[in-house]
Amino acid sequence: MTLRRSALRALAELAVIAMLLIFLVPFGMVVINSAKASKDILFDTLALPSDWRQLLVNVGLIFSNPSVHYANAFLDSFVVTALSLGIIVLFSSMCAWALVRSRAAWATILFFAFVAAMVIPFQVLMFPLVRWMRVLGDFIHVRLLQSIPGIVFAYLGFGCPLSIFIFHGFIKNIPYELEESATIDGCSEARLFFAIVFPLLQPIIITVLILNGIWIWNDYLLPLLMLGSNGAVQTIPIAVTAFAGAYLKQWDLILTSTLIAMLPIILLYLFAQRYIIKGMIEGAIK
Amino acid sequence: MKRHSLTKFLFVLPCVFAFVMVILIPFFYGLYFSLTDWNGVSPTINFIGLAHFQRIFTQPGFLYSFLITAGFTVINVALVNIVGFALALIVTSNLRFRNLYRAGFFTPYLIGGIVLGYIWQFIFNNSLPALGKVLALQGLQTSFLSRPDSVIWAMSAVNTWQYAGYIMLIFIAAIQAVPSSVMEAARVDGAGYFRRVFRILIPMMANAFTISLFLTLTTSFKQYDMNFTLTRGGPATRFLDQPVKASQLLAMNIFDTAQANYMAEAQAKAVVLFVALVIVSLIQVSMNKRKEVEL
Numbered sequence: 020m021t022l023r024r025s026a027l028r029a030l031a032e033l034a035v036i037a038m039l040l041i042f043l044v045p046f047g048m049v050v051i052n053s054a055k056a057s058k059d060i061l062f063d064t065l066a067l068p069s070d071w072r073q074l075l076v077n078v079g080l081i082f083s084n085p086s087v088h089y090a091n092a093f094l095d096s097f098v099v100t101a102l103s104l105g106i107i108v109l110f111s112s113m114c115a116w117a118l119v120r121s122r123a124a125w126a127t128i129l130f131f132a133f134v135a136a137m138v139i140p141f142q143v144l145m146f147p148l149v150r151w152m153r154v155l156g157d158f159i160h161v162r163l164l165q166s167i168p169g170i171v172f173a174y175l176g177f178g179c180p181l182s183i184f185i186f187h188g189f190i191k192n193i194p195y196e197l198e199e200s201a202t203i204d205g206c207s208e209a210r211l212f213f214a215i216v217f218p219l220l221q222p223i224i225i226t227v228l229i230l231n232g233i234w235i236w237n238d239y240l241l242p243l244l245m246l247g248s249n250g251a252v253q254t255i256p257i258a259v260t261a262f263a264g265a266y267l268k269q270w271d272l273i274l275t276s277t278l279i280a281m282l283p284i285i286l287l288y289l290f291a292q293r294y295i296i297k298g299m300i301e302g303a304i305k
Numbered sequence: 002m003k004r005h006s007l008t009k010f011l012f013v014l015p016c017v018f019a020f021v022m023v024i025l026i027p028f029f030y031g032l033y034f035s036l037t038d039w040n041g042v043s044p045t046i047n048f049i050g051l052a053h054f055q056r057i058f059t060q061p062g063f064l065y066s067f068l069i070t071a072g073f074t075v076i077n078v079a080l081v082n083i084v085g086f087a088l089a090l091i092v093t094s095n096l097r098f099r100n101l102y103r104a105g106f107f108t109p110y111l112i113g114g115i116v117l118g119y120i121w122q123f124i125f126n127n128s129l130p131a132l133g134k135v136l137a138l139q140g141l142q143t144s145f146l147s148r149p150d151s152v153i154w155a156m157s158a159v160n161t162w163q164y165a166g167y168i169m170l171i172f173i174a175a176i177q178a179v180p181s182s183v184m185e186a187a188r189v190d191g192a193g194y195f196r197r198v199f200r201i202l203i204p205m206m207a208n209a210f211t212i213s214l215f216l217t218l219t220t221s222f223k224q225y226d227m228n229f230t231l232t233r234g235g236p237a238t239r240f241l242d243q244p245v246k247a248s249q250l251l252a253m254n255i256f257d258t259a260q261a262n263y264m265a266e267a268q269a270k271a272v273v274l275f276v277a278l279v280i281v282s283l284i285q286v287s288m289n290k291r292k293e294v295e296l
């Protein structure tokens, strides 16, 4: 390697480290200020905290808050995200497979309907959706608003177009001969899918889980509209805004609440980072 | 392959049912509402035709939101893609810790708009002014969020911070799909680095740009969460001699209209957002697709 090339390389390395620092500084700001009392934040924002034990005090204040039930919000967010991901993966992969392996015209029309729906912004659906869910819920005597089954059902509807699209692209490249030989052996279509096709989808399932998981876990407007800002069921983004709304400019509490909200994702990311990055890159080419 | 099968019908049923209930019916229900006097309170709803559409285009607040949303989108499409592409170039070169860098740049995307809006509100209102005092820089001491002329740029910086890592991953996938022999051959032929990037790499990954431009365009146009927790639409400014909110993007204008119980008017604005989004993304995708074919 010539001197010029190695100098360039060192320069690139320095530039990328500087970039990375800029990207990560906001997280550092949250961590150091979550460990300060309110007056210390205003007095000196940039300094390291004098006593890290203040972090535990702040966390305690948040979990013991009488008006925002943070622990419940965690549990609800977890249940809503897990259930939604489960049914999105199951039903979208089933649907995508049926669409790929069907030559009928309806399959093509349906696929294009799903793809076209991806341009519809949530804003044009949100108000009529709430009204329609109330009407529908009253009609079938199932509570769809302020209920976990209701919002999970909505997430299936909003999540399936993109998921079907991603599965569709992947299944198209699975050789049909594999399934053909199973059919000749007398395997039913349902068994064929669950025993042979579904296990093959594993890499793309990870992509679908990550994309939908990031979206559902952080989603704000749908839970706000379907669960309400102070209903019995609350997700974390709702709890964080409720907290920030109640304790205006009390940055010790607001920043600690954002830190707690981020922690589960950051921890998961630290452990599964390799798979997440790989899944996202693979999903991008599809 | 059997032409008609009950199993396949049953397999598509759950998704189709959810799709019809959650997207299709609310969509047409919403188109109808935009032509009525629905206010969310009164039980009777009357058909009033296109009245809302005529009215909203004379509202300075709505026109202003529409214009700054367009501006915000243009800034972000440029910034997110340039930063994302530069990052992708760097982390696909043979650096020692490239996997660490990739993971680091992607991290902001994991944090939702609500949470990172608060984080950046703190940074703009507290951390940067404090830094300005330490460095004796006058420009940093008043928050970028409190000035009508800088608030859109501040939001764009946050938006770029959030999405650049995600777009970077799309570009990484595309760069890795370009055979290294092509780039190597050009190098041997004496093409410099930037020439190779602009003349070979970018044209060969044109489809990745179709996707990334579409994604950044649509997400910027629909931006709400970060806008809500970072600025709540503030500060106040004037447009066409009327007071307006300097950073109230279209999605927030729609939501605030609905919260004031002008449900049908909010719905009409949402329909305008939808139509604008369809037109702009159709133009973008068809222009990009033409570039892809030219290869």
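Line order of the protein sequences matches chains A and B. Just so we're aligned: 226 in my numbering is position 207 of the first sequence, and the numbers increase by one with no gaps anywhere. Just so we're aligned: 102 in my numbering is position 101 of the second sequence, and the numbers increase by one with no gaps anywhere. Glycine included, each C-beta is placed from N, C-alpha and C at the ideal position.
C-beta contact flag for residue i and residue j at 9 Å
i      : j      : result
B:D226 : B:G114 : yes
B:F145 : A:I273 : no
A:S96  : A:V227 : no
B:M206 : B:V245 : no
A:L181 : A:N231 : yes
A:F46  : A:A115 : no
A:F42  : B:G41  : no
B:L283 : B:F222 : no
B:S213 : B:I153 : no
A:C179 : B:F20  : yes
B:G118 : B:N228 : yes
A:V99  : A:P242 : yes
For residue i, the three-state DSSP class (helix, strand or coil)
i      : result
B:Q224 : coil
B:V245 : strand
B:F48  : strand
B:A237 : strand
A:T64  : coil
B:T143 : coil
A:W234 : helix
B:P8   : In the sequence on display, residue 8 of chain B carries Thr and not Pro. Three-state DSSP puts B:T8 in a helix.
B:T37  : strand
B:K270 : helix
B:V159 : helix
A:D204 : coil
A:T254 : coil
B:L208 : Inspection of the sequence shows that residue 208 of chain B is occupied by Asn rather than by Leu. B:N208 falls in the helix class under three-state DSSP.
B:G379 : Since the first residue shown for chain B is 2 and the last is 296, residue 379 of chain B is missing from the structure and cannot be characterised.
A:W71  : coil
Residue i versus residue j: straight-line alpha-carbon distance, rounded
i      : j      : result
B:F275 : A:G302 : 27 Å
B:R188 : B:V13  : 51 Å
B:V17  : A:L129 : 8 Å
A:A92  : A:N237 : 12 Å
A:S25  : A:Y266 : 53 Å
A:L211 : A:S53  : 53 Å
B:Q142 : B:N126 : 9 Å
A:L340 : B:T232 : Nothing about residue 340 of chain A can be reported from this structure: the residues present for chain A run from 20 to 305 only.
B:A259 : B:E266 : 8 Å
A:A320 : B:N95  : Any property of residue 320 of chain A remains undetermined from this structure, which presents chain A solely from 20 to 305.
B:L296 : B:M184 : Caution is warranted here: a pLDDT of 48 is assigned to B:L296, below 50, making its placement in the model unreliable, and the coordinate value is therefore given only provisionally. Straight-line Cα distance between these residues: approximately 16 Å.
B:V75  : A:L94  : 39 Å
B:K270 : B:I255 : 6 Å
B:I98  : B:T220 : Checking the displayed sequence, the identity of residue 98 of chain B turns out to be Phe instead of Ile. C-alpha separation (whole angstroms): 30 Å.
B:N82  : A:V35  : 17 Å
A:G79  : B:T37  : 50 Å
B:S6   : A:F82  : 54 Å
B:N160 : B:N77  : 7 Å
Contacts that residue i makes with chain A (C-beta to C-beta distance below 7 Å)
i      : result
B:A19  : F172, L175, G176, C179
B:M264 : F146
B:F275 : I139, P140, V143
Neighbouring residues, chain A, relative to residue i (Cβ below 9 Å)
i     : result
B:L96 : R28, A31, E32, V35
Chain-ordered neighbours of residue i on chain B, where CB pairs are closer than 8 Å
i      : result
A:W71  : In chain order: nothing, as chain B lies at least about 19 Å away.
A:N249 : Within chain B, no residue comes near A:N249; the closest Cβ sits about 15 Å away, beyond 8 Å.
7 Å Cβ cut-off: residues of chain B touching residue i
i      : result
A:T277 : V116, Y119, I120
A:I64  : Note on identity: in this sequence residue 64 of chain A is Thr, with Ile being the wrong assignment. Correct list: N127, S128, A131.
A:S111 : C16
Under 8 Å by beta carbon: chain A residues contacting residue i
i      : result
B:Q268 : V143, F146, P147
B:A247 : Within 8 Å Cβ-Cβ: nothing; B:A247 doesn't reach chain A, min ~20 Å.
Under 9 Å from the C-beta of residue i: neighbouring residues of chain B
i      : result
A:E196 : None at all; the shortest Cβ gap to chain B is about 12 Å.
#### Entry: alpha helix (DSSP H) segments (min. 4 residues) lying fully within the region 76-134 of chain A
Correct list: 89-119.
### Whole runs of the alpha helix (DSSP H) within the region 109-143 of chain B, excluding any shorter than 4 residues
If one requires a minimum length of 4 residues, the alpha helix (DSSP H) runs lying completely within the region 109-143 of chain B are 114-123, 129-136, 139-142, in chain order.
### Query
Which runs of the alpha helix (DSSP H), 4 residues or longer, sit entirely within the region 47-86 of chain B?
With a minimum length of 4 residues, the continuous alpha helix (DSSP H) runs that stay inside the region 47-86 of chain B are 52-57.
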